[in-house]
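Add 911 to a position in the sequence shown, counting from 1, and you land on the number used in my numbering. Even glycine gets a Cβ: it sits at the ideal position worked out from N, Cα and C. Notes follow once the structure below has been shown.
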Amino acid sequence: MADAEPESEPEPGILDVRTYFVRGRNALLARADFEPLYIDYYLHLADHGLRYAPQADLMLKEALAALTLHLASRPQDEGAGWTMNFNEPHMNLFVTGCTRPPHVTGRVFTEDVRAFEKSLIIAQRIRNGQNTGQSMVEFTGSDIFAAVEQFYEQSEQRLARLFRYDHEDLVMVTAQPDCDEDWLRSLTEEDIRTIDQKETLSLLEERQYVWKCGCSIERLYPLLARLGDNDLNDAFGGDEIITLTCPRCGARYRASKEQFEAWQATH
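Have a look at this one:
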């Protein structure tokens, strides 16, 4: 049972993402107001007793937004997972999601984080439930949007720009074949706020996403099952209850030794 688990699972807030083709510029614009996603993210933190430092909290929300806009700009059967390793602040961010079924989730790691000489994004691309590619890109600074733009230019080998239209209303513009790259590079937040007046935008698609991991205590039991008897005894430490943490979203689950042994006997 999860710590502070509600009696029933609340209906998740639905995040609407609209994509537009910018005619004459050959660019794709994705935009969403992330308030519904952020509300469920904070409910998740409260349900599991999680608390991140303000800077880490903001960076994770921006990474979730960037990943969601990225997914909305990609084929519907494609998923992605990004691990972002920062030297300063020293931590990892992990965000992942897909369009079918529509969900995004993520978490912050601050303990046992490997130190590299430079900050890195390790990106996985997933199609039909199978990993189809992985890339590792170096980036500079601690700005999430700048890091994702560097990832696009090095790994995707095309331009991408991220903008804050409003506090939680975010926009991503990505280059398509024959894109007017000079125009894309020169865009500012002021330009984004008036882009529908200056450019011809054609609505392509509307996709919906929710905050969801899909983890459960049963899905975390295999992590315990990999341990040898001695390591398993050390994990419980003489107690009958152990707390397991989801590696994708940080959710905390309490499991009794008796429950785990019963599960193990049937698997």
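Identify which residue in the options has its Cα closest to the Cα of residue i.
{"i": "ARG1159", "options": "TYR949, VAL1006, ALA964", "result": "VAL1006"}
{"i": "GLN1087", "options": "ASP1102, LEU961, SER984", "result": "SER984"}
{"i": "GLY990", "options": "ASN1039, TYR952, SER1046, MET1002", "result": "ASN1039"}
{"i": "HIS1014", "options": "ASP951, PRO965, ARG962", "result": "ASP951"}
{"i": "LEU956", "options": "GLU1028, ALA1162, LYS1029", "result": "ALA1162"}
{"i": "ARG1036", "options": "TYR953, GLU1092, LEU982", "result": "LEU982"}
{"i": "GLU966", "options": "ALA1026, ILE1106, GLU999", "result": "Reading off the sequence, residue 966 comes out as Gln, not Glu. Cα-wise, what sits closest to GLN966 is GLU999."}
{"i": "ARG1069", "options": "ASP1054, SER1053, ASP1093, ASP1077", "result": "ASP1093"}
{"i": "PHE1171", "options": "GLU1129, GLN1065, GLY1139, GLU1022", "result": "GLU1129"}
So, using beta-carbon positions, are residue i and residue j closer together than 8 Å?
{"i": "TYR1120", "j": "THR979", "result": "yes"}
{"i": "LEU943", "j": "ASP927", "result": "Rather than Leu, the amino acid found at residue 943 in this sequence is Ala. Yes; because the gap between Cβ atoms is below 8 Å, this pair is in contact."}
{"i": "THR1016", "j": "GLN987", "result": "no"}
{"i": "GLU1067", "j": "ARG936", "result": "no"}
{"i": "GLU1079", "j": "ALA1071", "result": "no"}
{"i": "ARG1032", "j": "MET1002", "result": "In the sequence as presented, Arg is not what sits at residue 1032; that position holds Ile. Result no, Cβ atoms of ILE1032 and MET1002 do not sit closer than 8 Å."}
{"i": "VAL1024", "j": "LEU971", "result": "no"}
{"i": "ALA977", "j": "PHE1050", "result": "no"}
Quick one: is residue i buried, meaning 16 or more other Cβ sit within 10 Å of its Cβ, or exposed?
{"i": "PHE945", "result": "buried"}
{"i": "GLN1045", "result": "exposed"}
{"i": "MET1047", "result": "exposed"}
{"i": "GLN1108", "result": "exposed"}
{"i": "GLU1116", "result": "exposed"}
{"i": "LEU940", "result": "buried"}
{"i": "GLY992", "result": "buried"}
{"i": "ARG1137", "result": "exposed"}
{"i": "ILE925", "result": "exposed"}
{"i": "PRO947", "result": "buried"}
{"i": "GLU1022", "result": "exposed"}
For residue i, collect the residues of the same chain with a Cβ closer than 6 Å to its Cβ; drop the 5 residues on either side in sequence, then sort them by chain order.
{"i": "GLY1074", "result": "Looking at the sequence itself, residue 1074 is Phe, so the reference to Gly does not match. Within the same chain, PHE1074 has close Cβ partners VAL1082, GLU1100, ILE1103."}
{"i": "ALA913", "result": "Model confidence at ALA913 stands at a pLDDT of 38, short of 50, so the residue's coordinates are unreliable and nothing is read from them."}
{"i": "TRP1174", "result": "TYR1132"}
{"i": "LEU961", "result": "GLY1161"}
{"i": "ASN1141", "result": "none"}
Could you confirm whether any beta carbon from chain D is found closer than 8 Å to the beta carbon of residue i?
{"i": "THR1010", "result": "Among the chains in the structure shown there is no chain D, since it carries only a single protein chain."}
Cutting at 7 Å between CB atoms, please list the residues of its own chain near residue i, excluding the five before and the five after it.
{"i": "SER1113", "result": "TYR931, PHE932, ARG934"}
{"i": "ASN1091", "result": "Checking the sequence, you will find Asp at residue 1091 rather than Asn. Excluding sequence neighbours, ASP1091 sits near ARG936, ASN937."}
{"i": "PRO923", "result": "ASP951, VAL1121, TRP1122, LYS1123"}
Tell me which same chain residues have a C-beta within less than 8 Å of the C-beta of residue i, skipping the five on either side of it?
{"i": "GLU1151", "result": "SER1167, LYS1168, GLU1169"}
Practice item. Please specify which runs of the alpha helix (DSSP H), each continuous and at least 4 residues long, are wholly inside the stretch 933–982, giving them in chain order. Key: 946–958, all fully within the stretch 933–982.
Exercise for review: Just list the alpha helix (DSSP H) runs in the stretch 993–1029, keeping only unbroken ones of 4 residues or longer that don't cross its boundaries, in chain order.
Suggested key: none
Exercise for review: Could you pull out every unbroken beta strand (DSSP E) segment of at least 3 residues lying fully inside the stretch 1053–1111, listed in chain order?
Suggested key: 1071–1075, 1080–1086
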